[in-house]
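Note sheet for the following structure.
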Amino acid sequence: MQSKIDTRNNLLITIYINQINKQIDSKLIQYIDLYLRINVQNQTFPALYKLLSIQKSINDDDLMTFQYLKSMIFQKADEQEQKKSRDYLNLDQILRIDELFVKYKNNVLQTSLTIERFWTEISKTDYIVMNLIALGNTIVEQYLQTKQIFESIIENQNDNEEAVVIHVKFLEKIMNFELESQYYSNLLNNIRQKLSIKKQSHYLQNQEQQAIILVSCLPTQTNKILYVNKTFYKTLGYNQAKDIQDRPLSAVIPREYADSHDKILDRFLNRIQFQSNFEKSQRRVWMLKKDLTILAGQIDTVLRISQKEDLVIQGIFNSSNEIITPNFTFNLKEAQILLCDEQGIIMNSSRSFIDKFIDTDFFSFDDARIFVHDVIIELSKFTDIELKEGVQAQMINKISCSQYKTKNMSENYLDIFLQQNIYNLPNKMIIKEYIILVQSDFQTNNKKRMTKKIFMDEEEKQIQK
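Every position in the sequence shown, counted from 1, becomes a number in this note's numbering once 110 is added.
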């Protein structure tokens, strides 16, 4: 445990070296600065970010120093990871298995195609023996490679049910290997039994329900999506992970917010003083779904260090969370969401808003210029504080897309609960989020929840008897 004097002295040395580093363009000073960040200030994340930012300018003479500092960062990161709880995901294992699985499926496909070519060739009356031998050798090579990749997957994750299912079908239907197929069928049954027991664990249930995303965090490249789990891509309306992976962050977050995210991160990692771990809980986020509507929710983010990908942001997204205001409580999934700019022009909305209030299937807010005060009646009479706490208001019941104008029919106004949240982004952009709950829907859902609660209470009483 450092004394206050040691802490102060270390801080002064770090600041001094940092100031020299700004004034003198010297690699030696940069390396000393990085060494102090790693060993004195325990700033592994900004140290790695800084080291990666100067990587391109490093020549062969400095390569050993670069590798030494990077190894030191990885060692420090491993020590910190060991102190964390089991809630921390094993990033390198996840990324490795994901990469192997992609290769495995591709090899299965290529081997299947080669076998098909083999049978097509042998069915010809004038087939050439040398061609068949060449195809046969290719099949053997591809099979051995496929088998090796599969074994690597199982070695890294011995309960990977999906990989074993594919391998059983591959051996049975493509290769006609009955004994091997039976062996892995038995293995599959054992895995399923094991998983059924595991799934009773509350911890593992939570993990499976979490929508997880891993994003690269490199100073010289556009941040890209490294990995999403099934819960994440299904939540956003996609059928497979590859529809999202390897794309920029703006593929799942509106571009304006993705750009702001990069600025926040860059500013955060370049600060001298660094104590936190970029851990942010319950941050508001708007995910961009496949249909280009938004899905509002909250995300827990943490900065991680990966041996394979260097700096990585781990995010766990939740679109079903309780919103508590002084005036009412609701689940975010029940609400319709509008996002507006500072002038009140609607930029995007949730799918539920379009389904409920737009009178056509073909609509884009980019093609329209609709102001939120044309949708919500007498919005200006409420103060920002009142809107933050939640108010009862009225809105029109339909937006006409044929002329991109609102239908203001007072006899058809809807009574709503309304909340406004204002967010200031680093690029001086102001985002206004409007959460709308139609009162009739809200009351119906409350009745359903109350009925369910009464039923569960009665059931519990019967059990106790």
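Just so it is clear, CB atoms sit at the ideal spot from N, CA and C, and this is done for glycine as well.
Pair within 7 Å by beta-carbon distance, residue i and residue j
i, j, result
"Phe438", "Phe492", "no"
"Asn241", "Glu231", "yes"
"Leu158", "Ile183", "yes"
"Glu419", "Ser326", "yes"
"Ile480", "Met505", "no"
"Tyr343", "Lys400", "no"
"Pro536", "Ser430", "no"
"Ala445", "Ile509", "no"
"Thr256", "Asn217", "yes"
"Asp356", "Lys340", "no"
"Leu210", "Ser416", "no"
"Glu265", "Ile301", "no"
Expected contact under 8 Å - CB spacing of residue i and residue j to nearest Å
i, j, result
"Ile495", "Ile447", "Contact flag wrong, Cβ pair sits at about 21 Å."
"Asn458", "Pro364", "7 Å"
"Ile65", "Phe427", "Any question about residue 65 goes unanswered here, given that the chain covers just 111 to 575."
"Asn507", "Leu524", "5 Å"
"Ile284", "Ile322", "That belief does not hold up - the Cβ atoms of Ile284 and Ile322 are roughly 32 Å apart, past 8 Å."
"Leu144", "Leu161", "6 Å"
"Ser291", "Leu281", "4 Å"
Nearest to residue i (by Cα), restricted to the options the options
i, options, result
"Asp269", "Phe463, Leu413, Asn296 and Lys180", "Asn296"
"Gln502", "Ser490, Asn149, Asp484 and Gln529", "Gln529"
"Tyr367", "Ile249, Ile509, Arg393 and Leu281", "Arg393"
"Arg461", "Val482, Ile264, Pro329 and Trp396", "Trp396"
"Phe436", "Lys279, Glu499, Phe176 and Gln292", "Before going further, note that residue 436 is Pro rather than Phe in the sequence given. Pro436 has its Cα closest to that of Glu499, out of Lys279, Glu499, Phe176 and Gln292."
"Thr248", "Gln267, Asp236, Arg227 and Glu288", "Arg227"
"Leu449", "Asn531, Ile433, Arg414 and Lys304", "Asn531"
"Tyr538", "Asp551, Asp170, Lys373 and Ile433", "Note that residue 538 is Lys in the sequence shown here, rather than Tyr. The candidate whose alpha carbon is nearest that of Lys538 is Lys373."
"Leu254", "Asp171, Tyr533, Thr411 and Tyr214", "Tyr214"
"Ile263", "Asn286, Gln320, Val212 and Gln350", "Val212"
"Asp172", "Gln140, Asp451, Asp551 and Gln320", "Gln140"
With 16 other Cβ atoms within 10 Å as the buried cut-off, status of residue i
i, result
"Gln383", "Unreliable positioning characterises Gln383 in this predicted model, as indicated by a pLDDT of 48, which lies under 50. A coordinate reading is not provided."
"His277", "buried"
"Ala244", "exposed"
"Ser167", "exposed"
"Ile156", "The displayed chain sequence assigns Pro, not Ile, to residue 156. Label assigned to Pro156: buried."
"Tyr294", "buried"
"Gln513", "With a pLDDT of only 48 at Gln513, under 50, the local geometry of the prediction cannot be trusted, and the value read off the model is given with reservation. Result: exposed."
"Leu442", "buried"
"Thr154", "buried"
"Leu223", "exposed"
"Ile330", "Per the sequence presented here, residue 330 reads as Thr, with Ile not at that position. By the 10 Å Cβ count, Thr330 comes out exposed."
"Thr411", "buried"
"Val605", "It is not possible to answer for residue 605, since the shown part of the chain is limited to 111 through 575."
"Leu219", "exposed"
"Lys304", "exposed"
For residue j and residue i, the rounded distance between their alpha carbons
i, j, result
"Leu199", "Ile164", "29 Å"
"Ile464", "Ala361", "21 Å"
"Leu179", "Leu138", "13 Å"
"Asp477", "Phe260", "49 Å"
"Phe475", "Leu402", "11 Å"
"Leu547", "Asp469", "19 Å"
"Leu324", "Thr332", "14 Å"
"Ser181", "Gln190", "14 Å"
"Tyr542", "Leu497", "Per the sequence presented here, residue 542 reads as Lys, with Tyr not at that position. In a straight line, the C-alpha of Lys542 is about 11 Å away from that of Leu497."
"Arg206", "Leu421", "16 Å"
"Thr221", "Ile204", "26 Å"
"Asn152", "Ala187", "10 Å"
"Ile423", "Phe467", "36 Å"
"Asn149", "Asp353", "41 Å"
"Glu273", "Trp229", "Reading off the sequence shown, one finds Ala at residue 273, where the question assumed Glu. When rounded, the distance between both Cα atoms is 26 Å."
"Leu328", "Glu288", "48 Å"
"Glu432", "Met174", "52 Å"
"Leu413", "Thr345", "23 Å"
"Gly246", "Asp208", "30 Å"
"Gln549", "Gln453", "27 Å"
"Tyr237", "Gln267", "44 Å"
"Tyr337", "Ala406", "21 Å"
"Thr235", "Gly425", "59 Å"
"Gln185", "Gln177", "12 Å"
"Ile540", "His483", "17 Å"
"Leu146", "Gln319", "41 Å"
"Tyr533", "Gln258", "51 Å"
beta-carbon residue i near the ligand NAD non-hydrogen atom, thresh 6 Å
i, result
"Asp353", "This structure does not include the ligand NAD; it has no bound ligands of any sort."
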